[in-house]
Amino acid sequence: MKIKYYILLAGSLLFSCNQSKTDESGDGSAKKLVIGATMLSMQNEFIVNVNDEMEAKAKELGVELITVDAERSALKQVEQVESFIAQGVDAIIMNPCEVEASSPAIKLAMDAKIPIINVNSETSAKPTAFVGSDDTESARIAMKYIVDKLGGKGNILMMHGFMGQAAQIKRDNGAKEILKANPGLKLLAEQSGEWDRAKGMSLTENWIQSFGPKINAIFAQNDEMGMGAVKALEAAGLKNKVIVVSVDAIPDALQAVKKGTLDATVFQNAKEQGGKAIETAVKAAKKQAFEKEVLIPFQLVTKENVGEFLK
């Protein structure tokens, strides 16, 4: 009788454990969904903002989110996706490091029949879905602002993001479109600041030494680099003579626009991107209908309308 009792007790404990893994609907029909997310860099404020919203939405929907930092390495990112597949996650969200080098991760997930959603940035390989914004448009908006402020004539410097990443490629394309349409603008130089504030500052310092008073405007492909450019220009006493425009509308940049040190930024909606990425991943994992492409518009932020974007 004792042996029979122990078997019954073990069975009862196992049933109890299984019940604890059921979803919050309480019907016991499905385990809690697990989503793995690999992010470009958790040292980048905008990417952190996207991930914060992913965490908030995951909590709201009752799913488990496991986030890892790819630390700008596409190779590491592919390995992280392999690890997620081995763990048997229900869906993967990838914020790609590079267009080409992160693409093998897509095939790995697809072959494993695990939905993979790209958020914020793209790969050449087509994922299950993409959630983000049209980066080409963000550069068009920024450069059109510069064209208007300079009256179509002047010398411009462009600070690129991490080379080979979709945002860098598309923002370059958008900026070049506007430059081509405005022959009065001259691109003095362009170089990567790798999305980094300190590198953006150092690059601007070098440009000041090379071009000095010839500089009329700087287009930085993200706010981190834009804020670095502003700091270098202020130190050189040139900020009031050089227009600086960047992309993302992170809190620091919004405050700088309010103060008038950063002329403009282009708002990229981290909240929408993060939230929609989780919603899409959950729908795909549950084999429900979902949009294959969710595009969230950019908006120009200047001193006149910055109050609308400040929390």
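Residue numbers (full-length UniProt numbering): 1 to 311. In this text, a Cβ means the ideal position worked out from N, Cα and C, and glycines have one as well.
| query | result |
| --- | --- |
| Could you tell me whether the Cβ atoms of alanine 264 and valine 301 are closer together than 8 angstroms? | yes |
| Nearest-angstrom Cα distance between alanine 198 and glutamine 288? | 44 angstroms |
| Mapping the DSSP letters down to three states, classify phenylalanine 298 as helix, strand or coil. | coil |
| Whole angstroms are fine: how far does the CA of alanine 232 sit from the CA of asparagine 254? | Before going further, note that residue 254 is leucine rather than asparagine in the sequence given. Taking the straight line joining both Cα atoms gives about 18 angstroms. |
| Determine which residues share a DSSP beta bridge with aspartate 69 and list them. | Met39 |
| According to DSSP, simplified to helix, strand and coil, what is methionine 159? | strand |
| For phenylalanine 267, collect the residues of the same chain with a Cβ closer than 7 angstroms to its Cβ; drop the 5 residues on either side in sequence, then sort them by chain order. | Ala249, Phe298, Gln299, Val301 and Phe309 |
| When you compare each of Ser73, Ala56, Val63 and Asn216 to methionine 42 by their alpha carbons, which one comes out closest? | Ser73 |
| Can you list the beta strand (DSSP E) stretches of 3 or more residues lying completely in the stretch 259-307, in chain order? | 264-267, 293-295 and 299-301 |
| Quick one, are the C-beta atoms of glycine 274 and methionine 54 less than 8 angstroms apart? | yes |
| Taking glycine 226 as the reference, give the member of Ile116, Thr204 and Lys186 with the closest Cα. | Thr204 |
| Shortest alpha-carbon distance to serine 103 belongs to which of Thr67, Gln77 and Glu224? | Gln77 |
| If distances are taken between C-alpha atoms only, which option among Lys170, Gly164, Gly212 and Thr67 comes closest to lysine 99? | The identity of residue 99 in the sequence shown is valine, whereas the question assumes lysine. Nearest C-alpha to valine 99: Gly164. |
| Do isoleucine 117 and alanine 105 have their beta-carbon atoms positioned less than 8 angstroms apart in this structure? | no |
| What does the alpha-carbon distance come out to for the pair asparagine 173 and asparagine 222? | 15 angstroms |
| Once the 5 residues before and after glycine 154 are set aside, which same chain residues still bring their CB inside 7 angstroms of it? | Leu185, Asn216 and Ala217 |
| Under the rule that 16 or more other beta-carbon atoms within 10 Å means buried, what is leucine 187, buried or exposed? | exposed |
| Considering only residues of the same chain and omitting the five flanking positions on each side of lysine 176, which have a CB-CB separation below 6 angstroms? | none |
| Taking the straight line between their C-alpha atoms, what separation do you get for glycine 62 and lysine 32? | 7 angstroms |
| Could you tell me the alpha carbon to alpha carbon distance between residue 315 and valine 230, rounded to whole angstroms? | Since the first residue of the chain shown is 1 and the last is 311, residue 315 is not available in this structure. |
| So what's valine 81 in DSSP terms, helix, strand or just coil? | helix |
| Which same chain residues, not among the five before or five after isoleucine 66, have their C-beta less than 6 angstroms away from its C-beta? | Gly36 |
| Looking only at its own chain, which residues have a Cβ that is under 8 angstroms from the Cβ of isoleucine 47, when we skip the five neighbours before and after it? | Met39, Leu40, Ser41, Asn95 and Asn120 |
| Nearest CA to the CA of isoleucine 92: which residue from Lys283, Asn206, Ser202 and Arg171? | Lys283 |
| In this structure, how does DSSP classify valine 245 when only helix, strand and coil are distinguished? | strand |
| Find the nearest neighbour of lysine 180 within the set Ala166, Ile156 and Ser192, judged by alpha-carbon distance. | Ile156 |
| Put serine 202 into one of helix, strand or coil per three-state DSSP. | helix |
| Given that a residue counts as buried once 16 or more other Cβ atoms are within 10 Å of its Cβ, and exposed if not, what is leucine 75? | exposed |
| Specify the secondary structure class of serine 103 as computed by DSSP and reduced to three states. | helix |
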